[in-house]
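Protein chains in written order, with the working numbering: chain A, 1 to 114; chain P, 115 to 227.
No residue lacks a Cβ here, since even glycine has one placed at the ideal position from N, Cα and C.
One structure is given below, encoded as structure tokens.
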Amino acid sequence: NAGVTQTPKFQVLKTGQSMTLQCAQDMNHNSMYWYRQDPGMGLRLIYYSASEGTTDKGEVPNGYNVSRLNKREFSLRLESAAPSQTSVYFCASSGLAGTHNEQFFGPGTRLTVL
Amino acid sequence: AQSVSQHNHHVILSEAASLELGCNYSYGGTVNLFWYVQYPGQHLQLLLKYFSGDPLVKGIKGFEAEFIKSKFSFNLRKPSVQWSDTAEYFCAVLDNQGGKLIFGQGTELSVKP
């Protein structure tokens with residue numbers, strides 16, 4: 001099992017450009033999450049999907065959109081990138097929403113917006 | 115809303131020193147607590163978790179944490195650190211709505227050989 005995979009690993013964008021971060025999991029998990037990690041701020045939840053077909057905003061959703069394409073895949077889109085979106089983005093998944101299952105994290109995408 | 119606070123932003127220790135990293139959470143009801151570790155350039159990995167039962171939880175690589183309900187704390191400990199423990203450590207609480215994790219700010223641990 002690959003666990004949680006993310007593409008790309010690195011990306012540099014110019015202000016105003018758009019891009020989609022891809023995430024996939026092969027653990028048959030129901031729930032998937034997108035976080036951003038910034039120095040001194042821990043991980044902050046952008047969006048999550050408790051189950052296939054549903055998505056909800058997290059703590060910092062502005063400037064982002066998500067799509068739960070199927071049970072395996074959960075993508076994050078930046079429509080018009082801004083320098084404030086320079087960050088490391090992590091995708092995670094867990095077995096059942098609202099239960100005790102731990103979250104499994106992907107390797108991250110390091111995004112720089114110039 | 116629930117919140118998690120980690121008091122130490124950067125801890126520097128020599129090898130074989132004992133470690134204790136502080137974590138406090140705000141929610142007063144039933145809590146599910148986690149410690150994650152992020153080694154340089156890698157993704158987050160679970161160290162240990164608490165859901166119920168024995169408040170002293172043992173995790174991987176010799177780490178343990180104690181849940182003290184009266185103090186709203188879940189501190190991480192290790193009796194003797196190694197250079198390979200150099201990493202960033204995150205405490206997190208499970209939000210009872212939606213299964214989201216609320217993370218603390220993280221503590222960077224540097225262990226000098």
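Legend entry - Endpoints, the beta strand (DSSP E) within which A/C23 is located: Per DSSP, the continuous beta strand (DSSP E) segment holding A/C23 begins and ends at M19 to Q25.
Legend entry - Beta-bridge pairing of P/I126 - partner residues as DSSP gives them: In DSSP, P/I126 forms a bridge with P/S224.
Legend entry - Per DSSP, cross-strand counterpart(s) of A/K57: A/Y47.
Inset, instruction - Taking only beta carbons into account, state which residues of the segment 141 to 173 of chain P come closer than 7 angstroms to chain A, listed in chain order. - result: So the close ones are N146, F148, H157, L158, L160, K163 and F165.
Inset, instruction - Would you mind giving the Cβ-Cβ distance between P/F186 and P/Y164, rounded to the nearest angstrom? I have them listed as a contact below 8 angstroms. - result: In fact, because the Cβ distance is near 13 angstroms, the residues do not count as touching under 8 angstroms.
Inset, instruction - Just confirm the distance between the C-beta atoms of A/F10 and A/L43, as a whole number of angstroms; I'd bet it's less than 8 angstroms. - result: A/F10 to A/L43, Cβ: 19 angstroms. No contact.
Inset, instruction - Taking only beta-carbon positions, decide if P/Q219 is within less than 7 angstroms of chain A. - result: For P/Q219, the answer is yes, since a Cβ of chain A falls inside 7 angstroms of its Cβ.
Inset, instruction - State the DSSP-derived secondary structure class of P/Q156, mapped to helix, strand or coil. - result: P/Q156: coil per DSSP, three-state reduction.
Inset, instruction - With 7 angstroms as the threshold, decide whether the Cβ of A/Y48 is near any Cβ in chain P. - result: At a cut-off of 7 angstroms between beta-carbon atoms, A/Y48 makes contact with chain P.
Legend entry - Nearest-angstrom beta carbon gap, P/V118 and P/L223 [assumed within contact, 8 angstroms]: The beta carbons of P/L223 and P/V118 sit about 17 angstroms from each other, so the pair does not count as a contact at 8 angstroms.
Legend entry - Rounded straight-line distance, which links the Cα of P/K226 to that of A/H29: The straight-line gap from Cα to Cα measures roughly 39 angstroms.
Legend entry - Closer than 7 angstroms to chain P by CB, A/L43: So yes, A/L43 belongs to the interface.
Legend entry - Beta-carbon proximity check, A/S49 vs A/M32, cutoff 7 angstroms: Result yes, Cβ atoms of A/S49 and A/M32 sit closer than 7 angstroms.
Legend entry - Within chain P, partners of A/P107 - CB distance below 7 angstroms: Using a Cβ-Cβ cut-off of 7 angstroms, A/P107 is close to H157 of chain P, given in chain order.
Legend entry - Whole-Å CB distance - P/F188 paired with P/L158, under 8 angstroms assumed: The beta-carbon separation of P/F188 and P/L158, rounded to 17 angstroms, does not stay under the 8 angstroms limit for a contact.
Inset, instruction - Rank A/T54, A/P107, A/T7 and A/V60 by C-alpha distance to the C-alpha of A/L21 and give the top, closest one. - result: Nearest C-alpha to A/L21: A/T7.
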